[in-house]
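Below is one structure; the comments refer to it alone.
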Amino acid sequence: MIQKIITICNAKGGVGKTTSTASIGACMALMGKKVLLIDLDGQANLTLYYIPNDSEIEVSIFDSLISGEPLPIINVKENLDIVPSSLEMASAEIALTNLLAREQILSRLLDDVKQDYDYILIDCPPSLGIVTTNAFLAADEILVPMTPELLPLKGMRMLDSFITSLQKVKPSIHLSGVFTTRFNHRKLNKAVENVVRNRYQDITLQSRIRENIALAESAGSGNSIFEYDPNSNGAKDYQALTEEIMNR
Ligand SMILES: Nc1ncnc2c1ncn2[C@@H]1O[C@H](COP(=O)(O)OP(=O)(O)OP(=O)(O)O)[C@@H](O)[C@H]1O
Ligand SMILES: [Mg+2]
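If you number the sequence shown the way the working numbering does, the last residue is 1084 and the count never jumps.
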């Protein structure tokens, strides 16, 4: 078992965090790796990706974070498990505030299960609070998807200072990869991407994800892009990105 924990985060909403977590995880699982997905977002989009009928979910990541119950792991595909989120996670920032060692609860919970997995992928909410701190302190790698629109650098600067503050608790913490999502061959996209690639030269991933409608459609289907439309640009791009991540 490789036992690598990868957090996917960006303070900005709608940049493809959840789509990337779902797709990279599915690709790894198809390559025979044992994968666990963790949904930390109260919107529960990652959960809905693989469990479209969320009334089936009785226990969520919230119960584990707050009450210390074992992680509720649900198998959704061959080699692919998920710990679901629920609407209650929207109140997690407040619920966690008074707990002891509240920043490292997820890390401890994962210690109990990581021996069973090659990769654990964590999908974050679009904010930098206690929940995201838990995801960062649990991670071996932190990947940042970004859309090449105006001002992604503002979000990146927030992330940089968030990381700097966490380094006081865990000095080894750092961003390990930045990749482009929802790429369109417009002039603006290219210009913004170049700025980001210059600033994050050492950690820029070469594979980029193009804007692709099949990715948006697959979200409500209960299937990954690889089952929904294996010949789509979305499937090709996420396969290339996943290989790059695994081979680094
Ligand atoms: N490459 C893409 N091409 C087209 N649509 C995409 C692509 N990536 C993501 N989308 C769509 O864009 C929307 C936002 O993507 P996603 O939910 O993955 O972002 P997110 O960063 O997780 O958002 P949030 O911050 O709200 O959690 C979704 O409707 C998704 O289906
Ligand atoms: Mg999301």
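Here a beta-carbon is modelled for each residue, glycine too, at the ideal position from N, C-alpha and C.
Fill in: Under 8 angstroms between C-beta atoms of Met1082 and Met837
no
Discussion item. Does the beta-carbon of Thr983, which I'm using as the reference point, lie nearer than 7 angstroms to any heavy atom of ligand 2?
Written reply: no
Discussion item. Tell me the DSSP secondary structure of Tyr1074 in three-state form.
Written reply: Three-state result, Tyr1074: helix.
Practice prompt. Quick one: grab the DSSP three-state call for Gly861.
Written response: helix
Discussion item. Can you tell me where the alpha helix (DSSP H) holding Val1014 begins and where it ends?
Written reply: Taken as a continuous stretch (DSSP letters only), Val1014 belongs to no alpha helix (DSSP H), being part of the beta strand (DSSP E) at Gly1013 to Thr1016.
Worksheet item: Where Leu872 and Pro920 are concerned, what is the direct C-alpha to C-alpha distance, given to the nearest angstrom?
Response: 11 angstroms
Item to complete: Compute the distance between the beta-carbons of Leu907 and Val949, then report whether it is under 8 angstroms.
Response: yes
Item to complete: Rank Ala974, Ala1050 and Pro962 by C-alpha distance to the C-alpha of Lys853 and give the top, closest one.
Response: Pro962
Worksheet item: Rounded to whole angstroms, how far is the Cβ of Pro988 from the Cβ of Val1028, which I believe are closer than 8 angstroms?
Response: Val1028 and Pro988 do touch by the CB rule: their CB atoms are close to 6 angstroms apart, below 8 angstroms.
Fill in: Distance CB(Met982)-CB(Val1014) smaller than 8 angstroms
It is a contact, given that the beta carbons lie within the stated cut-off.
Worksheet item: Can you tell me the Cα-Cα spacing of Leu1051 and Cys845, whole angstroms?
Response: 19 angstroms
Worksheet item: How close, in whole Å, do the beta carbons of Asn1048 and Pro984 come, if the pair is a contact with beta carbons under 8 angstroms?
Response: Between Pro984 and Asn1048 the Cβ distance is about 15 angstroms, and since that is not below 8 angstroms, they are no contact.
Fill in: Where Asp954 sits in the DSSP three-state scheme
coil
Discussion item. Quick check: what's the CA-CA separation for Ala926 versus Gln879?
Written reply: Their Cα atoms are separated by approximately 8 angstroms.
Discussion item. DSSP has Asn934 in a bridge; who is on the other side?
Written reply: Residue pairing from DSSP leaves Asn934 without any beta-bridge partner.
Worksheet item: What residue from Tyr1064, Leu901 and Asp875 has the CA that sits closest to Ala937's CA?
Response: Leu901
Practice prompt. Would you list, in sequence order, the uninterrupted alpha helix (DSSP H) runs of no fewer than 4 residues that lie entirely inside the stretch 875 to 952?
Written response: Taking 4 residues as the shortest admissible run, the stretch 875 to 952 contains the following complete alpha helix (DSSP H) segments, listed from N- to C-terminal end: 881 to 886, 897 to 903, 928 to 932 and 941 to 947.
Worksheet item: In angstroms, rounded to a whole number, what distance separates the CA positions of Asn1034 and Asn934?
Response: 41 angstroms
Discussion item. So Ala971 and Leu876 are supposed to be a Cβ contact under 8 angstroms. How far apart are they, rounded?
Written reply: 6 angstroms
Fill in: Same chain, Cβ closer than 6 angstroms to Ala931, five either side skipped, listed in chain order
Ile902
Worksheet item: Taking Cβ positions only, does Gly965 come closer than 8 angstroms to chain C?
Response: Judged by its chain identifiers, the structure shown contains no chain C, having just a single protein chain.
Worksheet item: Expressed to the nearest angstrom, what Euclidean distance is found between the alpha-carbon atoms of Ile910 and Leu946?
Response: 15 angstroms
Fill in: Presumed contact (8 angstroms Cβ cut-off) between Glu939 and Thr968, rounded CB distance
Not confirmed; about 10 angstroms, so no contact.
Worksheet item: Taking 7 angstroms as the line, does the beta carbon of Asp877 fall inside it for any heavy atom of ligand 1?
Response: yes
Worksheet entry | Whole-angstrom C-beta distance between Val912 and Ile887, which should lie under 8 angstroms | 7 angstroms
Worksheet item: Does DSSP classify Glu1063 as helix, strand or coil?
Response: helix
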